[in-house]
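To start, the structure under review is shown below, and the notes come after it.
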Amino acid sequence: MPTPSTVLLAAIVSALEPATDRTYRGPTTPELDAGATTHDDASLAAHDETTASPREPAASAATASATAPPPSPPPAATSEPIVSPTLLGEIDARTLGDAVEGTDGFALGRFRLGARVRPAPWFDAVATLETVGTAVPYLLDGYVVFRPQAWLEIGAGYAKTPLFPSFRYEPVHALPFPDRAPVVNAMRVRRDVGAEVRVRPERAPIEAVVRAGNGSGSLSSNDNRTPAGYAAVDLVLGRAWVAGHNRRLGLRLGAAGLVDEAPDRAANSGRIASGYTFWKGGPTRGRRLVGELHAVAYLGPVRITAEAGFADEARTAIDDDADAETPRVTLPSLRSWGLTGEIAWVVLGTPREVGRAPAARAAADAPWDGGALELALRVDRLALGHHAGDVADGGVTGGALAMKWWPVDFLAVALAGYVSHYDQAPMDSPGRTLSWMAMARLSAFFGYPGQSNRFRAARPRAPRRRTRA
339 MPTPSTVLLA AIVSALEPAT DRTYRGPTTP ELDAGATTHD DASLAAHDET TASPREPAAS
399 AATASATAPP PSPPPAATSE PIVSPTLLGE IDARTLGDAV EGTDGFALGR FRLGARVRPA
459 PWFDAVATLE TVGTAVPYLL DGYVVFRPQA WLEIGAGYAK TPLFPSFRYE PVHALPFPDR
519 APVVNAMRVR RDVGAEVRVR PERAPIEAVV RAGNGSGSLS SNDNRTPAGY AAVDLVLGRA
579 WVAGHNRRLG LRLGAAGLVD EAPDRAANSG RIASGYTFWK GGPTRGRRLV GELHAVAYLG
639 PVRITAEAGF ADEARTAIDD DADAETPRVT LPSLRSWGLT GEIAWVVLGT PREVGRAPAA
699 RAAADAPWDG GALELALRVD RLALGHHAGD VADGGVTGGA LAMKWWPVDF LAVALAGYVS
759 HYDQAPMDSP GRTLSWMAMA RLSAFFGYPG QSNRFRAARP RAPRRRTRA
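Residue numbers (this note's numbering): 339 to 807.
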């Protein structure tokens with residue numbers, strides 16, 4: 339006889355997992371997922387800055403009450419090209435409250451050019467180059483993904499790590515804000531060379547990732563002889579599955595962590611949306627621990643994201659008496675923590691999917707309907723350099739508002755305003771603890787999931803017939 343807790347869990351899963359099409363939708367890299375359908379498709383058939391694929395609905399009552407999606411069928415053959423180019427360009431206009439933090443005016447935010455090669459539905463190779471400002475183009479992504487089974491994915495190369503789902507699963511051009519949260523910028527490992535295994539059990543709403551990498555972010559080699567270890571585990575329900583269409587509710591709830599033995603390296607620093615670094619930590623050496631907790635909820639047109647991170651970075655022991663015969667003094671580690679909360683509401687257009695921006699409701703050949711519009715609110719807190727009496731700690735508390743409009747599915751205009759309060763005045767700007775910035779961003783992107791990559795041309799309307807009274 340089922341227990342009350344089993345009945346309650348089955349009811350929650352049933353509410354979050356309605357019986358909809360859950361066929362295989364390709365790779366688990368949202369930024370380059372050509373296996374996902376677009377919002378302009380007549381049906382939802384199977385079609386960076388990587389994820390789980392939904393499964394088929396259960397056929398029996400016993401399976402339907404299980405706590406996970408049943409197994410999916412093998413991928414269906416598609417007519418998609420083997421090589422798909424991708425492009426992203428951003429132009430920013432901003433004004434700042436203080437000249438120390440940067441200059442007002444226009445700037446090239448970023449430019450990316452890449453390609454995805456898919457010779458078979460179960461294999462992908464991805465390469466992307468990026469340049470920011472006047473920087474020489476550098477490799478942003480370079481990895482391969484192999485999916486021998488619907489529940490198993492193996493990846494290797496230079497790719498995002500499992501830390502922070504808002505970074506791993508959401509490409510920057512699809513975010514409601516032009517930037518990522520301060521805690522994510524401070525504690526993430528942006529990209530890393532390594533190999534990972536992702537497991538999605540077919541009869542449990544669980545997603546697990548284990549990765550081994552350099553931990554240094556370097557393309558050429560490791561910075562010591564010790565690899566870094568990453569791990570993540572999530573409860574994933576409903577629309578929180580990547581490429582999970584036609585679901586109103588969804589939830590991703592989980593944790594991720596990093597363990598590394600680092601050589602001499604700068605500690606986590608504090609940076610705000612303008613790119614200004616208000617606090618820099620000293621050198622660290624030895625054990626580095628990073629952990630994060632996250633929850634992402636989908637409620638129709640609303641998405642709520644909450645993430646919290648913690649880092650403990652060991653420091654080099656020092657010789658405090660200049661005597662080589664006496665032992666070195668061990669310095670206390672530097673500890674940092676932070677959290678962010680974001681609410682995004684799509685007021686016009688289709689609700690968000692994981693890794694995709696909102697889209698217009700009209701079909702590609704229908705008259706233009708205004709596109710998609712999203713409003714967002716975010717609050718942030720970041721504390722750095724604690725637990726060490728010889729280091730002056732730092733931190734920032736801030737809030738931001740944003741409005742983003744997608745007139746077509748390859749063009750977006752974002753307006754955002756930021757206010758930040760520093761715990762202590764920055765060293766290069768004594769006596770100042772308040773910061774603000776207003777920013778506008780124009781983004782153009784091509785080749786990403788959820789796009790038709792064509793203008794919605796208005797077609798003539800059929801004349802109305804007049805009827806006699």
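From the three backbone atoms N, C-alpha and C, an ideal C-beta is built for every residue, glycine too.
Keep in mind that this is a model prediction, so the values were computed, not measured.
task: Taking Gly-443 as the reference, give the member of Tyr-636, Trp-460, Ala-431 and Asp-479 with the closest Cα.
output: Ala-431
- request: Just tell me which of Leu-631, Arg-653, Arg-585 and Arg-626 has its CA closest to the CA of Gly-638.
  value: Arg-585
query: Quick check: the segment 725-733 against the segment 742-750, are there 3 or more CB pairs under 8 Å?
result: no
query: Between the beta-carbon of Thr-622 and the beta-carbon of Ser-671, is there less than 9 Å?
result: yes
message: Just to confirm the assignment, what range does the beta strand (DSSP E) spanning Arg-536 have?
response: 530-537
Three-way DSSP call (helix, strand, coil) for Ser-559 in this model: coil
- prompt: Rounded C-beta distance between Ala-647 and Glu-630? I'm assuming under 8 Å.
  reply: Looking at the sequence provided, one finds Gly at residue 647 rather than Ala. With a Cβ gap of about 4 Å, Gly-647 and Glu-630 count as contacting.
query: Just the Cα atoms here: how many angstroms apart are Gly-736 and Pro-457?
result: 46 Å
field: Beta-carbon proximity check, Arg-577 vs Pro-689, cutoff 9 Å
entry: yes
message: Give me the DSSP bridge partner(s) of Val-455.
response: Val-421 and Ala-463
- request: Decide if Thr-441 is buried, meaning its Cβ has at least 16 other Cβ atoms within 10 Å, or exposed.
  value: exposed
- request: Flag this pair as yes or no: are the beta carbons of Arg-528 and Gly-555 separated by less than 9 Å?
  value: yes
message: With a threshold of 6 Å on Cβ separation, who are the neighbours of Pro-423 within its own chain once the five nearest residues in sequence on each side are excluded?
response: Ala-453 and Gly-785
- request: Can you say whether Arg-536 is buried or exposed, counting buried as having 16 or more other CB atoms within 10 angstroms of its CB?
  value: buried
- prompt: By Cβ distance, which residues of its chain are closer than 6 Å to Ala-633, with the 5 residues on each side in sequence left out?
  reply: Leu-591 and Ala-644
query: In its own chain, which residues sit with a C-beta less than 6 Å from the C-beta of Leu-478, not counting the 5 before and 5 after it?
result: Thr-466 and Glu-468
query: Using CA coordinates, which residue listed in Ser-674, Gly-709 and Ala-655 is at the minimum distance from Pro-665?
result: Ala-655
- prompt: In terms of residues, what are the limits of the beta strand (DSSP E) holding Pro-503?
  reply: Premise fails: Pro-503 lies in the alpha helix (DSSP H), 503-506, not in any beta strand (DSSP E).
- request: State the DSSP-derived secondary structure class of Glu-439, mapped to helix, strand or coil.
  value: helix
- request: Just the C-alpha distance for Leu-596 and Arg-626, rounded to the nearest angstrom, thanks.
  value: 8 Å
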